[in-house]
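Participant:
Number of protein chains: 4
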Amino acid sequence: MEDYANAKLVEEKVFKDPVHRYVHVRDQVIWDLIGTKEFQRLRRIRQLGTTYLVFHGAEHSRFNHSLGVYEIVRRITDDVFRGRPEWDEKERLLILCAALLHDLGHGPFSHAFENVFQTDHEYFTRQILLGETEVNSVLKRVSENFPEMVAQVIEKKYPNELVVSLISSQIDADRMDYLQRDAYYTGVSYGHFDMERILRVMRPRNGQVLIKSSGMHAVEDYIMSRYQMYLQVYFHPVSRSAEVLLNNILKRVKQLNKDNYPFIVEPIHFKAFFENNIRLEDYLALDEYILLTYFQYWTKEQDLILSDLCSRFMNRKLFGYVNINPEEEPERFGRLKELLEMAGVNTEYYFYHDCTSDLPYDFYRPGKETTRLPIFLLMPNGEVRELSQESLIVDSIAGRIKTDHKVYYPKEIFQNPSVDSEIKKELQKVLFS
Amino acid sequence: MEDYANAKLVEEKVFKDPVHRYVHVRDQVIWDLIGTKEFQRLRRIRQLGTTYLVFHGAEHSRFNHSLGVYEIVRRITDDVFRGRPEWDEKERLLILCAALLHDLGHGPFSHAFENVFQTDHEYFTRQILLGETEVNSVLKRVSENFPEMVAQVIEKKYPNELVVSLISSQIDADRMDYLQRDAYYTGVSYGHFDMERILRVMRPRNGQVLIKSSGMHAVEDYIMSRYQMYLQVYFHPVSRSAEVLLNNILKRVKQLNKDNYPFIVEPIHFKAFFENNIRLEDYLALDEYILLTYFQYWTKEQDLILSDLCSRFMNRKLFGYVNINPEEEPERFGRLKELLEMAGVNTEYYFYHDCTSDLPYDFYRPGKETTRLPIFLLMPNGEVRELSQESLIVDSIAGRIKTDHKVYYPKEIFQNPSVDSEIKKELQKVLFS
Amino acid sequence: MEDYANAKLVEEKVFKDPVHRYVHVRDQVIWDLIGTKEFQRLRRIRQLGTTYLVFHGAEHSRFNHSLGVYEIVRRITDDVFRGRPEWDEKERLLILCAALLHDLGHGPFSHAFENVFQTDHEYFTRQILLGETEVNSVLKRVSENFPEMVAQVIEKKYPNELVVSLISSQIDADRMDYLQRDAYYTGVSYGHFDMERILRVMRPRNGQVLIKSSGMHAVEDYIMSRYQMYLQVYFHPVSRSAEVLLNNILKRVKQLNKDNYPFIVEPIHFKAFFENNIRLEDYLALDEYILLTYFQYWTKEQDLILSDLCSRFMNRKLFGYVNINPEEEPERFGRLKELLEMAGVNTEYYFYHDCTSDLPYDFYRPGKETTRLPIFLLMPNGEVRELSQESLIVDSIAGRIKTDHKVYYPKEIFQNPSVDSEIKKELQKVLFS
Amino acid sequence: MEDYANAKLVEEKVFKDPVHRYVHVRDQVIWDLIGTKEFQRLRRIRQLGTTYLVFHGAEHSRFNHSLGVYEIVRRITDDVFRGRPEWDEKERLLILCAALLHDLGHGPFSHAFENVFQTDHEYFTRQILLGETEVNSVLKRVSENFPEMVAQVIEKKYPNELVVSLISSQIDADRMDYLQRDAYYTGVSYGHFDMERILRVMRPRNGQVLIKSSGMHAVEDYIMSRYQMYLQVYFHPVSRSAEVLLNNILKRVKQLNKDNYPFIVEPIHFKAFFENNIRLEDYLALDEYILLTYFQYWTKEQDLILSDLCSRFMNRKLFGYVNINPEEEPERFGRLKELLEMAGVNTEYYFYHDCTSDLPYDFYRPGKETTRLPIFLLMPNGEVRELSQESLIVDSIAGRIKTDHKVYYPKEIFQNPSVDSEIKKELQKVLFS
């Protein structure tokens with residue numbers, strides 16, 4: 001047992017990575033985990049879901065990102081923490097495994113999928129780690145309770161908060177990787193910050209990771225990158241519009257199944273999800289390849305809503321959008337819905353309100369979030385201070401970003417000759433004035 | 001008609017592109033082509049096939065690349081050629097369309113697929129351009145014979161060789177894009193050259209594109225990048241090993257169909273290919289999402305060869321390889337095959353010889369290839385000289401690269417306890433000494 | 001005359017530039033200006049003064065920067081403004097010349113030099129433009145009053161404020177060049193922003209340059225770069241410490257001259273400055289090469305203050321520093337001075353207080369500064385809004401940066417055996433607690 | 001003694017470097033060496049001499065480069081060699097010092113200066129290391145014979161060739177730094193190669209540095225960069241033209257001194273060089289600041305040759321050039337000289353032939369040079385092979401580059417009205433046809 005935990009590859013393996021240049025693997029355990037089919041499956045799930053429909057370069061998978069998070073943690077432990085009194089080298093393999101596997105339970109287009117089918121990728125991460133999987137076999141060879149320990153780190157329940165915070169804090173390896181990686185593949189010029197500098201000023205102290213205050217400006221830059229990436233990429237209204245389509249496709253297919261609609265191709269992969277009785281193998285059998293294959297089948301279905309929504313998704317005919325907050329403008333919102341219905345639009349599937357606070361991203365907040373620690377600076381005199389107390393920039397944006405509300409609708413309606421021109425005129429007014 | 005050819009968007013559209021920073025679209029025709037479903041389908045076909053199994057970043061699609069080729073040609077025509085006496089502005093829209101659409105007929109994992117099913121992506125490009133497609137509708141709005149003209153440019157049959165050479169010469173927009181793009185996504189440090197400089201020294205002359213000799217060193221750098229990308233990426237033995245698997249999966253499924261094997265899930269998308277009676281819609285219905293979905297189904301098939309090969313592909317359990325040229329070492333090759341068969345290996349599907357000259361890539365060759373013009377320099381005195389006459393570097397590598405031969409086999413055989421240890425020992429000897 | 005203004009070079013000249021890749025020159029006038037000896041002199045004056053003593057890469061000259069500002073303005077006029085109704089193509093040559101020549105009057109280590117000798121680089125810019133110089137000869141060939149017009153643009157007195165604002169606003173070509181250039185040569189990772197994007201959204205309107213609001217995030221990034229460059233580079237305490245030395249060297253030499261001190265090598269180049277009777281040729285004869293040559297001579301002078309200060313500067317033995325604001329801590333400041341004097345330090349030359357508000361750099365301020373316009377956004381509905389009203393980030397940092405106060409002293413005092421240990425102890429206390 | 005060799009700084013010092021991002025110093029000895037005045041003097045000597053007159057960014061000093069070479073060697077020893085059986089950790093400090101100090105003896109514009117005054121920077125490096133200098137004091141604190149050992153490593157006479165080869169082989173830290181650094185500051189797009197990869201495959205073996213064959217392509221790229229940098233930058237005819245001026249200025253001033261010419265400003269710094277009786281302090285007193293100060297003085301001298309040559313240099317009025325190899329075209333060369341003399345040109349100072357083989361740069365040569373080892377690959381089977389035997393690319397360019405011959409002359413002659421038009425016509429013919 002002990003041996004396996006410390007087993008090293010005869011020769012270090014290297015993955016060429018566009019973001020970190022190289023990902024280095026020396027541990028046999030890590031190498032074996034990468035080779036498992038559950039980990040290889042992450043190649044078939046995109047990191048940024050539908051964002052590729054706006055930024056065509058964003059076709060990278062969660063496999064990519066998972067290796068990146070692993071590599072960052074490896075550099076922190078091997079190059080920065082090793083040998084420091086507050087760092088326990090025995091935690092090294094645990095945090096490397098947790099870093100590599102933290103996204104293991106993600107399914108295809110997680111956000112919309114979880115919304116419609118009430119699944120939870122964190123639950124499935126635990127299932128994969130502890131269930132009958134290749135990943136579990138590898139982890140168990142380290143020690144009987146190692147899979148459980150990895151699960152706890154990922155779930156932020158592991159007692160040593162220092163270990164947890166490496167992948168779950170406001171400046172963890174997870175975010176540092178995805179900001180840079182998503183910037184790289186989308187090609188936006190934001191998203192760059194001096195990670196090397198940040199890593200070098202990280203210090204294990206008081207059971208968490210502190211940042212030496214001399215590195216504060218690099219951290220400010222990181223916070224700014226995060227801010228820009230959210231506004232420019234993650235909250236991009238066009239990719240949210242694609243999410244709306246996705247959501248409504250899944251909602252429609254769920255409804256049709258409930259109505260015993262006779263599908264041409266039986267959606268066998270969805271059965272378990274319809275019945276809310278999902279075994280691990282059902283979950284693992286799904287990926288974005290399967291999903292898009294179904295979408296393609298469904299473009300041929302007789303149900304016009306399903307086939308139209310799928311065609312729209314496959315061929316990128318997305319909804320238009322307009323800024324409306326239903327709570328602030330209930331009448332405008334209501335009138336818009338009414339008019340669309342008068343124009344023959346099924347507002348159950350062709351009308352949608354979303355807001356950015358529903359998205360799985362957030363800005364920096366000085367207070368401790370439910371789950372993520374704020375960033376603490378280690379001052380030259382040994383004091384510890386929360387970042388926004390020291391940084392004017394961070395103070396100014398921390399938690400102050402307004403939620404953005406949008407309403408989506410089929411913009412083709414104005415080209416539809418069968419819609420009354422008076423209705424069109426009024427729609428124009430409600431939408432754009 | 002005329003109007004549509006010259007119609008400009010009210011506001012220029014811009015795609016963020018990691019390689020060229022921005023792709024600019026002002027022409028209504030181009031914008032409409034990008035929106036067609038045949039063009040959107042290219043999002044579901046990877047630019048580098050199986051290479052992502054070696055370079056995990058190489059997950060980019062042909063959609064990506066097609067926009068890039070378009071953008072390079074746009075810059076050449078709008079920023080370099082415009083206004084020059086030998087350039088006819090009327091050819092501009094034609095070459096832009098041809099650049100954008102030149103890969104339209106590519107199917108999933110083209111190389112292996114075409115090898116097994118004898119299809120031809122160039123044939124299907126023409127079908128898409130001229131058949132009943134959205135692309136054809138757009139092109140026909142320009143003029144009745146415009147689709148045919150675009151097809152001719154792509155097929156290198158268009159009378160104005162200057163136009164053809166922009167996308168089909170030894171230094172065309174196609175190669176300049178894919179070298180840079182593939183380098184970007186794989187993350188290798190080769191593949192960079194000073195394209196901006198090359199574009200600035202391109203001159204339309206004598207019905208082709210000449211390079212002012214002052215730009216020779218930039219061209220040398222391009223040739224070297226190409227050389228390095230071929231050796232490092234395109235000819236990478238591990239990605240060729242994945243191609244072998246792919247090839248044998250398709251070969252097996254074809255054989256099983258011939259033998260009336262009862263598939264659990266009927267491979268309806270393959271029917272037309274089995275019967276070699278492929279309509280355009282059959283062809284367009286296939287993409288890599290569908291293919292990998294079948295591969296996943298097939299991992300559950302009773303046919304052990306098919307299910308094993310598919311499992312290997314999905315979970316990246318690739319074949320090992322060794323350098324053997326069967327013509328130079330017929331005995332060693334024969335003995336290897338014999339030993340594998342003695343060890344119970346089905347050499348029809350688990351043993352394969354390939355060589356790089358079968359790959360759809362080549363090095364620079366000074367003579368005119370069947371299809372691609374060599375690179376000509378325009379000397380200060382007006383003379384025209386072929387590149388390798390002037391450049392020592394290019395002369396030294398032009399056409400001199402040796403073909404690389406490899407033989408693939410299942411390396412797990414050495415861990416298989418049921419194989420006789422004597423056979424293993426001899427296999428070791430044949431393979432590695 | 002007219003002809004010369006429009007004369008183009010037979011072949012475009014290109015300078016390889018690390019920041020903008022290429023600087024393009026087509027105008028004969030620009031080419032001729034670059035060849036003048038007054039412009040070539042800028043090669044002998046560093047862009048960042050003493051900063052190279054902290055960031056060793058910062059050895060670039062004002063020649064470098066001047067070409068860069070020219071190139072940015074050239075791109076704005078030729079690629080963005082050309083053809084727009086609010087842009088008068090006749091202003092093009094004028095603004096190009098002003099951009100190229102805007103720093104022409106800078107002398108060696110301007111900041112300290114002007115401080116001690118009360119010279120003014122803006123005054124000398126005008127002298128060079130209008131006096132008997134090669135630059136004047138070139139400009140006069142354009143038209144008799146062209147030199148005067150160029151001077152007015154640089155002095156922000158030219159009536160067309162749009163022209164002025166290209167080189168003198170809160171987001172002008174001057175700052176866009178130096179931020180990027182100084183970042184490049186120092187090697188810091190801040191200082192990058194998407195200039196290409198900013199240029200593309202600049203619009204001439206209402207006699208000034210507006211930024212289309214779609215480019216706001218790129219401008220935020222620019223503001224942040226500026227903020228980081230100031231804190232990290234321009235306000236770096238060590239380079240300010242070198243400025244203090246420089247200042248005191250010049251102050252000492254001025255005093256010695258007043259006292260009729262017999263210099264070993266007569267400081268002939270300084271005579272005019274001592275007597276405050278400076279002809280243009282005296283001014284032009286000085287550069288950083290001459291200055292450092294004198295400093296080297298002076299290391300051998302008998303005056304111990306002068307020779308020590310010069311040795312310190314040449315061999316980078318800089319003063320230490322501590323944060324004290326004399327107004328807030330008058331007693332601590334006074335006590336420190338007292339103790340240093342008790343320790344035998346000549347506080348006239350070895351003790352100095354400076355603050356960042358004395359430096360020739362500032363942060364973004366929303367109100368109109370004496371000389372520089374704020375940044376205005378052009379909203380989609382045609383409205384014009386000042387940046388900090390729209391941007392939370394900018395609002396948060398605009399004008400809110402605190403002035404930083406430092407006091408410099410010779411830190412070697414603690415190694416000096418002849419200083420009483422009680423004094424040392426108390427100095428320690430005053431300085432560090 | 002022993003203690004000083006191993007003394008570490010309390011806190012690691014870091015220099016921000018544009019090429020290597022950071023230069024790390026932990027050793028007290030290295031820190032002290034950097035602070036010596038002999039090392040600080042390297043800030044006043046440019047790395048690329050006159051190249052800044054062609055590539056305006058190339059203003060970087062030898063100080064810059066010296067830190068870079070140190071950092072590369074530090075990475076090799078600390079990150080790659082440490083712990084390997086064939087590496088003796090006791091050599092570490094020695095090679096770090098040698099790397100840092102290898103260019104210590106360079107004077108201003110070494111190439112031309114050494115040519116005229118027959119000095120030798122390698123001789124002066126030894127003098128500085130062993131003479132009465134601050135550098136010597138620091139080195140002697142390590143051990144009595146340490147200065148001598150450092151000198152031997154730099155002179156390639158140290159018995160352990162492995163140590164020597166780190167800074168003096170065909171792929172040493174010296175070249176790896178200058179290729180990248182010169183590319184960075186000039187802004188050319190060549191000069192990039194994957195140094196990180198090369199460092200990772202370096203192996204100490206058989207008393208030299210071998211390159212694992214898996215890194216061969218990175219080495220090919222390095223060789224190509226070198227080739228391109230030589231052709232594009234180091235052999236650039238315009239910077240050679242500036243060297244010619246420099247050479248002739250020095251030659252003229254030497255001659256004038258011999259003729260007892262009465263200089264307005266006595267060239268005291270040159271006395272020792274005129275008399276060829278150069279003490280170390282004379283040598284160290286010279287730098288490019290002093291030299292350019294004299295050149296500026298000399299523009300006012302009555303000797304027309306000296307003042308004209310100096311004006312030309314300061315104001316960048318360089319000679320024209322033409323390709324002539326006097327040995328191949330003796331008649332053309334002779335006729336050109338004759339015609340220039342007929343036109344009144346003093347061919348002693350205004351006519352010059354140079355060839356690239358006189359330059360201190362060379363291409364890769366497979367055989368062992370007098371001083372530099374070729375590159376050896378370590379094959380998987382343990383064999384050692386010289387690079388050009390394995391690499392087609394390298395074989396093709398190794399030692400095959402032709403020497404380039406140029407002749408320089410004052411191109412203004414054609415604008416000189418006093419020169420007979422017949423002579424001009426014939427000059428045109430000889431030069432350009």
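If you read the protein sequences in the order shown, they are chains X, E, S and L. 316 is the number that full-length UniProt numbering gives to position 316 of the first sequence; each next residue is one higher, with no gaps. 214 is the number that full-length UniProt numbering gives to position 214 of the second sequence; each next residue is one higher, with no gaps. 123 is the number that full-length UniProt numbering gives to position 123 of the third sequence; each next residue is one higher, with no gaps. 66 is the number that full-length UniProt numbering gives to position 66 of the fourth sequence; each next residue is one higher, with no gaps. Backbone N, C-alpha and C fix where the C-beta goes; we use that ideal spot for every residue, glycine too.
Considering Cα atoms alone, identify which of X:Q118, X:F109, X:G68, X:P85 is closest to L96 of chain X.
Facilitator: X:G68
Participant: Can you tell me whether DSSP reads Y22 of chain S as helix, strand or coil?
Facilitator: Reduced to three states, the DSSP call for Y22 of chain S is strand.
Participant: Would you call the CB atoms of V407 of chain L and G344 of chain L closer than 8 Å?
Facilitator: No; because the gap between Cβ atoms is not below 8 Å, this pair is not in contact.
Participant: For my contact list, S225 of chain E and G191 of chain E are in at a C-beta cut-off of 8 Å; report their separation, rounded to the angstrom.
Facilitator: 5 Å
Participant: Does the segment 243-252 of chain X touch the segment 61-81 of chain X, meaning 3 or more C-beta pairs lie closer than 8 Å?
Facilitator: no
Participant: For R203 of chain L, decide whether its Cβ has a neighbour in chain X, counting only Cβ atoms nearer than 8 Å.
Facilitator: no
Participant: Excluding the 5 residues preceding and the 5 following V54 of chain E in the sequence, name in chain order all residues of the same chain whose CB lies nearer than 6 Å to its CB.
Facilitator: Same-chain partners within the cutoff: H236, V238, S239.
Participant: Rank S:G320, S:L286, S:V233 by C-alpha distance to the C-alpha of L179 of chain S and give the top, closest one.
Facilitator: Of the listed residues, the one whose Cα sits closest to L179 of chain S is S:V233.
Participant: Hey, is H106 of chain X's beta-carbon within less than 8 Å of any beta-carbon in chain E?
Facilitator: no
Participant: Run the CB neighbour count on Y123 of chain E, radius 10 Å, all protein chains shown included, and call it buried at 16 or more, exposed below.
Facilitator: With fewer than 16 other Cβ atoms within 10 Å, it is exposed.
Participant: Ordered along the chain, which non-local residues of its own chain (more than five positions away) have a Cβ less than 7 Å from that of L256 of chain E?
Facilitator: D303, L306
Participant: Cα separation between K13 of chain E and C355 of chain E?
Facilitator: 44 Å
Participant: Please work out which residues of its chain come closer than 7 Å, Cβ to Cβ, to R75 of chain X, disregarding the five sequence neighbours upstream and downstream, and give them in chain order.
Facilitator: L199
Participant: Can you list, in chain order, the residues of its chain whose CB lies under 8 Å from that of E220 of chain L, leaving out five sequence neighbours each side?
Facilitator: S391, I393, V394
Participant: Can you check whether the C-beta of E196 of chain L is within less than 8 Å of a C-beta belonging to chain X?
Facilitator: yes
Participant: Can you tell which of S:V188, S:I72, S:M202 has its C-alpha closest to the C-alpha of Y230 of chain S?
Facilitator: Y230 of chain S has its Cα closest to that of S:V188, out of S:V188, S:I72, S:M202.
Participant: Would H121 of chain L and E132 of chain L be called neighbours here (beta carbons separated by less than 8 Å)?
Facilitator: no
Participant: Mind listing which residues of the segment 8-23 of chain S have their C-beta closer than 7 Å to chain E's C-betas, in chain order?
Facilitator: R21
Participant: By Cβ distance below 8 Å, which residues in the same chain neighbour N276 of chain S in space, the five residues on each side in sequence not counted?
Facilitator: F117, Q118
Participant: Looking at the unbroken alpha helix (DSSP H) that takes in V384 of chain E, where does it start and where does it end?
Facilitator: Segment 384-386 is the beta strand (DSSP E) holding V384 of chain E; no alpha helix (DSSP H) there.
Participant: Can you find the residues in the same chain that come closer than 6 Å, C-beta to C-beta, to I34 of chain L, ignoring five residues on each side of it along the sequence?
Facilitator: none
Participant: Within the same chain, show all residues whose beta-carbon is closer than 8 Å to that of I72 of chain E, passing over the 5 residues directly before and after it, in chain order.
Facilitator: So the qualifying residues of the chain are H20, A99, A173, M176, D177, M195, L199.
Participant: Where do the N-terminal and C-terminal ends of the beta strand (DSSP E) with G320 of chain E fall, by residue?
Facilitator: 320-322
Participant: Consult DSSP for P204 of chain S and reduce its assignment to one of helix, strand or coil.
Facilitator: strand
Participant: Scan the segment 242-256 of chain L for residues whose Cβ lies nearer than 9 Å to a Cβ of chain S and list them as they occur along the chain.
Facilitator: Listed in sequence order: no entries.
Participant: So which residues of chain X does Y185 of chain E contact, with C-beta pairs closer than 7 Å?
Facilitator: P18
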